[in-house]
Every structure is written in C-alpha cells, then in structure tokens.
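Numbering (UniProt numbering), first residue to last: 1 to 300.
First up is the structure itself, then whatever we jot down about it.
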C-alpha cells in the first residue's frame with residue numbers, strides 16, 4: 001500500500017503532467033500560424049528562385065500565405081505538434097519539476113539558476129523524442145504548393161532518407177542546442193524577474209505581472225537562441241536544391257548562412273519568433289501555473 005507521501009508525489013506528478021499538456025494544447029492552437037511564418041522566413045534564402053514569393057516581414061508573410069495558399073495554410077503542419085507537443089509539454093514540466101532539487105546547490109529554495117538548469121535539462125531530453133515530429137512539421141510548413149498529409153511525409157522521409165541523422169533525426173544537434181539555450185534563458189529570466197518584481201495582492205494584477213514577465217523572458221530567450229533555431233529549420237527543412245545537401249550540421253549551416261547572406265541573416269525570423277513565442281510562452285507558463293494550482297486544489 002502506498003504511503004500518504006507517495007500518494008502526494010504521484011498526485012503532484014499527475015497534476016504537473018495534466019496542467020502542462022492542457023496549457024501546451026491551448027498555446028499550439030492559438031499560435032501555430034506564427035510558427036509557420038517563422039519557418040518560412042528562416043528557410044528563405046538571400047536569392048529566392050524565380051517566381052518564389054518573398055516575405056519581407058511577419059505581417060507580409062501572413063498576408064501572402066493567406067492570399068496565395070488560403071487561410072488554413074497558416075495551420076500547415078499542426079498535426080505533429082498536436083500529437084506530440086501536448087504530452088511533451090506535460091512531460092517537460094514534469095521533468096522540470098523533478099530536476100529542480102538536483103540544481104539547488106545547497107540553497108534553501110530553488111534559485112533562478114536552479115530553474116534555468118532544470119528547464120535546460122528537461123528540454124535536452126525532450127529533444128530526442130520530438131525531433132522526428134519537428135522534421136515532419138517543418139517539411140509540411142515549408143511546402144507552398146499544397147497541403148501534405150502527415151503520414152505521407154513520414155513515409156517519404158523514411159523511404160528516401162531513413163530514420164537516422166539524414167532522415168527523421170536530421171538536425172538533432174541543432175534542436176538540442178536550441179532547446180538547451182532557449183529554456184535556460186526562459187526559465188532563468190522568468191524566475192529571476194519574478195523575484196525582482198514585487199507581487200501585488202490583487203489577483204488580477206498578479207496575473208498581469210506574470211504574463212508580462214513570462215512574455216519578456218520568452219522574448220529574451222528568443223534572442224539568445226534564434227540563430228540556432230534558424231540553423232535547425234534549414235537543416236530539417238527542404239534543401240535549396242533538390243538532391244543536394246547544403247545544410248547538414250549546425251556550425252557549418254551558421255557559417256554558410258553568414259558568408260552568403262550576412263550578419264542579419266543569423267537573426268532571420270526573430271520578429272516572428274518573438275511574436276509567436278513571446279505571448280505563446282507567457283500563455284503556456286501562466287496557464288500551467290494556474291491549471292496546476294486549480295487541479296491541486298480540486299484534487300482532480
């Protein structure tokens with residue numbers, strides 16, 4: 001028979017997983033169009049092929065995708081995130097909470113460094129689960145002509161490129177690096193700013209405080225990781241010339257992009273990334289915190 005403390009641990013894990021999954025699902029549905037825009041802008045080269053639509057900014061990309069491909073094209077590639085992101089977000093928050101005690105380094109309570117390290121470790125581990133889904137999602141998002149069915153894309157990649165680092169696991173090093181850097185900044189900045197900005201007694205103002213802090217933390221984390229995210233998208237997406245592998249490894253992709261397109265190209269998609277991840281990250285984290293407290297109080 002489980003002891004009361006064991007039951008409490010199991011309940012906490014269940015609430016953490018459920019709150020993380022639900023908050024992740026809500027965030028994906030609301031902000032996926034901006035993820036499509038970010039991907040399109042990041043894989044866009046300096047010299048587009050003849051007839052290819054060029055995106056000058058996030059708003060321009062949204063308008064052109066809607067005009068030439070239809071409204072639902074803004075949700076291209078949403079099936080892989082729905083399938084994996086919802087349980088993944090639940091698992092990530094569960095791992096994040098589980099890792100925190102290992103990074104307190106003797107402190108009486110978790111510090112911003114504790115949160116940053118725990119978040120980074122959880123994100124690194126999740127990378128190995130989600131990489132195949134990222135490859136499929138980006139392939140769908142990058143395809144402009146028609147909607148590609150998820151299962152068809154999976155079969156095509158496996159048939160032509162296999163399961164390894166040239167197939168479903170291409171770009172894994174870039175994803176690990178991107179996730180580690182982003183989540184280190186995200187959880188670190190969020191908890192550091194929460195400690196600095198006093199908490200008001202009014203619940204409404206406290207929610208607003210958390211949303212602003214989470215949005216700012218997400219935006220700062222985007223700036224830290226956007227170059228790695230750009231490299232990831234170029235490696236995982238369709239290559240510029242069919243049959244030729246131009247982007248394969250993280251560092252070489254960054255070097256090639258810098259050489260051919262200049263310094264600003266290393267930050268391609270930053271605006272769309274901040275628009276997508278800033279409010280998205282705020283919604284995710286704040287929704288998680290309040291759902292977790294609600295589930296815990298209701299003993300669901």
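Quick reminder that beta carbons are idealized off the backbone N, C-alpha and C, glycines included.
Every value quoted in this text rests on a predicted model; they were computed, and no experiment measured them.
Query: Cα-Cα separation between residue 251 and residue 22, rounded to whole angstroms; Result: 35 Å
Query: Inter-stretch contact (C-beta, 8 Å, three-pair minimum) for the segment 220-238 and the segment 267-276; Result: yes
Query: Identity of the residue in 248, 269, 69 nearest residue 167 by Cα; Result: 248
Query: Alpha helix (DSSP H) segments (min. 4 residues) lying fully within the segment 133-164; Result: 150-161
Query: The alpha helix (DSSP H) enclosing residue 260, as first and last residue numbers; Result: 250-261
Query: Stretch-stretch touch, CB-based, cutoff 8 Å, three pairs: the segment 121-135 with the segment 175-182; Result: yes
Query: Close-in-space but distant-in-sequence residues of the same chain around residue 277 (CB under 7 Å, 5 per side omitted); Result: 218, 222
Query: Contact between the segment 59-66 and the segment 124-138 (3+ Cβ pairs under 8 Å); Result: no
Query: Residue 206 vs residue 200 beta-carbon contact at 7 Å; Result: yes
Query: Buried versus exposed, by CB contacts within 10 Å (16 or more), residue 203; Result: exposed
Query: Other residues of its chain near residue 42: CB distance less than 6 Å, five sequence neighbours each side excluded; Result: 230, 233, 268, 269
Query: Reference residue 84; option with closest CA among 139, 25, 57, 104; Result: 25
Query: Same chain only: Cβ atoms within 6 Å of residue 91, ignoring 5 sequence neighbours per side; Result: none
Query: Where residue 170 falls: helix, strand or coil (DSSP); Result: coil
Query: Inter-residue spacing [alpha-carbon to alpha-carbon] between residue 19 and residue 287; Result: 8 Å
Query: 8 Å CB neighbourhood of residue 161 in its chain, flanking five on each side removed; Result: 167, 168, 170
Query: Nearest-angstrom Cβ-Cβ length linking residue 188 and residue 112, presumed shorter than 8 Å; Result: 5 Å
Query: Alpha-carbon spacing of residue 152 relative to residue 257, whole angstroms; Result: 30 Å
Query: Helix, strand or coil at residue 52 according to DSSP, with G and I counted as helix; Result: coil
Query: Spatially closest choice to residue 93 from 135, 213, 297, 292, by CA coordinates; Result: 292
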